[in-house]
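Undergrad: One structure coming up, written as C-alpha cells, with questions to follow.
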Amino acid sequence: MSSIIAPIVFIPHGGGPMPLLNEPHHRSLIHFLKNIDSKLGKPKAILTISAHWEAEIATASSTANPGVIYDYYGFPPESYQLTYPAPGNPELAHHVNQLINDHGLAATTNAKRGFDHGTFVPLTLMYPLADIPIVQLSLVNTLDAQHHIEMGKAIGKLREQGVLIIGSGFSFHNMNALQLDSKEVAHKSQLFDTWLNHVVTSDTLNLQQKEEALIHWKQAPEALFSHPREEHLLPLHVCFGAAVSSNATATNVFDDSVFDAKVSAFLWQ
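Quick note: the sequence shown uses the numbering used here, first residue 7, plus one each step.
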C-alpha cells in the first residue's frame with residue numbers, strides 16, 4: 007500500500023505520432039506532456055485507458071513485455087521505427103480485471119496486446135526512461151457513457167496502491183472538421199470545451215450533477231461537432247469515475263489549441 011494516493015490525469019495524446027515528430031501545431035501539447043510529470047511524480051505503475059482500444063468487455067493488457075502497435079498510417083518512415091520498451095504488469099492487469107468484476111461489470115485480460123499510440127506516444131514524452139510498468143485498459147465498444155464512469159469507480163482504489171491512472175484521448179476529436187473554416191472550428195470547439203471545463207472542474211456542481219452531465223454529454227453545446235464518435239472522450243469518463251471515491255475536483259492543466267481546436271487536459275489529485 008502506497009502512503010501517497012496517486013493522481014488521475016486525462017490527456018490529449020495528439021494526432022498519431024505527430025507529438026514525437028515535433029509537428030508544429032503540437033508544440034504546446036509537446037511542452038505540456040514533457041513537463042506534466044512534475045505534477046504527477048513517479049508512480050509504481052501506470053494504467054492507461056486509450057481511445058484506440060475497444061473490446062466487447064473491459065479488457066486489461068496482461069503481457070509482461072508489450073510491443074508497440076503502429077495504429078496509424080500515412081506518416082514518415084521514422085514513425086514506424088518508434089519504440090517504447092516499458093514492461094507490462096500481468097499481476098496488475100489481473101487485479102484490474104478482478105476489481106471490475108467485483109463492481110458487477112464484465113472484464114477479462116489480453117496477453118498479446120501491445121501499446122497503441124494512445125499509450126506509447128504520450129508516455130514517450132511523459133516518462134522517456136520507459137522504466138514504469140504499464141497496463142492498458144480498453145474501452146467497451148458499446149461506448150456507453152455511464153458504463154465507463156462505472157468502470158472508473160471500479161478501479162479508483164488503484165490510486166491507493168501507487169498506480170497512476172491516465173485517460174488518453176482528446177477533448178475535441180473531429181478530424182473532418184479540421185478541413186473546415188478555422189474560425190468555425192475554434193468557435194465550436196470552444197463552446198464544448200467551456201461546457202466540459204465547467205462540468206469537470208466546477209465547485210458549484212455536486213458529484214451527482216457532474217455525473218449526470220457527463221452521462222448526457224451529447225446535450226452539451228456543439229457536443230456532436232466536437233465528438234461525432236465518442237471514443238476519444240470516454241477515457242475522461244473513466245477518469246471521472248475513478249476520482250469519485252475521493253470526491254476530488256479536477257483542475258485544468260492544459261488550456262490551449264491543437265491545430266484550430268480548443269483542447270483541455272484535467273488532473274485529479
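By construction, the Cβ of each residue, glycine as well, lies at the ideal position given by its N, Cα and C atoms. Source: prediction; values computed, not measured.
Look up glycine 175 in the DSSP assignment and say whether it is helix, strand or coil.
TA: Numbered from its first residue, the sequence shown carries residue 175 at position 169. Of the three classes helix, strand and coil, the one that applies to glycine 175 here is strand, per DSSP.
Undergrad: When we look at the beta-carbon of serine 188 and count the other beta-carbons within 10 Å, is it buried (16 or more) or exposed?
TA: Counting from one through the sequence shown, the residue named residue 188 turns up at place 182. Exposed, since its Cβ has fewer than 16 Cβ neighbours within 10 Å.
Undergrad: Which term fits aspartate 199, buried or exposed, when burial requires 16 or more other beta carbons within 10 angstroms of its beta carbon?
TA: Stepping through the sequence shown from its first residue, residue 199 is reached at position 193. It counts as buried.
Undergrad: In angstroms, rounded to a whole number, what distance separates the CA positions of glutamine 142 and valine 191?
TA: On the sequence shown, residue 142 is found 136 positions in, with the first residue counted as 1. On the sequence shown, residue 191 is found 185 positions in, with the first residue counted as 1. Each residue's Cα considered, the two are about 31 Å apart.
Undergrad: Which residues bound the alpha helix (DSSP H) around glutamate 156?
TA: In the sequence shown, residue 156 corresponds to position 150, counting from 1. Run containing glutamate 156: 151 to 161, per the alpha helix (DSSP H) assignment.
Undergrad: Considering only residues of the segment 56 to 90, which uninterrupted beta strand (DSSP E) runs meet the minimum length of 3 residues and lie entirely inside it, listed in chain order?
TA: Assignment of beta strand (DSSP E) within the segment 56 to 90, counting only whole runs of 3 or more residues, yields 64 to 67 in chain order.
Undergrad: How do the segment 152 to 166 and the segment 68 to 83 stand: do at least 3 beta-carbon pairs fall below 8 Å, yes or no?
TA: Judged by Cβ distances under 8 Å, the segment 152 to 166 makes no contact with the segment 68 to 83, as fewer than three pairs qualify.
Undergrad: Short check: CB of glutamate 237 to CB of leucine 149, under 8 Å?
TA: For the purposes of this step, residue 237 is identified with residue 231 of the sequence shown, where counting begins at 1. For the purposes of this step, residue 149 is identified with residue 143 of the sequence shown, where counting begins at 1. A contact, by the Cβ cut-off of 8 Å.
Undergrad: Would you mind giving the Cβ-Cβ distance between leucine 145 and aspartate 266, rounded to the nearest angstrom? I have them listed as a contact below 8 Å.
TA: If you number the sequence shown from 1, residue 145 lands on position 139. If you number the sequence shown from 1, residue 266 lands on position 260. The Cβ separation is near 26 Å, so there is no contact.
Undergrad: Whole angstroms are fine: how far does the CA of valine 205 sit from the CA of alanine 216?
TA: By 1-based counting over the sequence shown, the position of residue 216 is 210. By 1-based counting over the sequence shown, the position of residue 205 is 199. The sequence given here places lysine at residue 216; alanine does not occur at that position. Each residue's Cα considered, the two are about 6 Å apart.
Undergrad: With DSSP collapsed to three states, give me the class of leucine 231.
TA: The sequence position of residue 231 within the sequence shown is 225, counting from 1. Residue 231 is actually phenylalanine in this sequence, not leucine. Three-state result, phenylalanine 231: helix.
Undergrad: Taking all protein chains shown into account, do 16 or more other C-beta atoms lie within 10 angstroms of the C-beta of glutamate 228, making it buried, or fewer, making it exposed?
TA: By one-based count along the sequence shown, residue 228 stands at place 222. Burial call: buried.
Undergrad: Can you tell me which of the three DSSP states lysine 6 falls into?
TA: Outside the shown range of the chain, which is 7 to 275, sits residue 6, and nothing can be said about it.
Undergrad: DSSP state of asparagine 103, grouped into three classes?
TA: The residue labelled residue 103 in the question sits at position 97 within the sequence shown. Residue state, collapsed to three classes: helix.
Undergrad: For threonine 54, which residues in the same chain have their Cβ closer than 6 Å to its Cβ, ignoring the five residues on either side in sequence?
TA: One-based indexing of the sequence shown puts residue 54 at position 48. Thr125, Gln142, Ile172, Ser174, listed in sequence order.
Undergrad: Where does isoleucine 10 land, buried or exposed, given buried means 16+ other C-beta within 10 angstroms?
TA: For the purposes of this step, residue 10 is taken as residue 4 along the sequence shown, with counting starting at 1. By the neighbour-count rule (16 or more Cβ atoms within 10 Å), isoleucine 10 is not buried but exposed.
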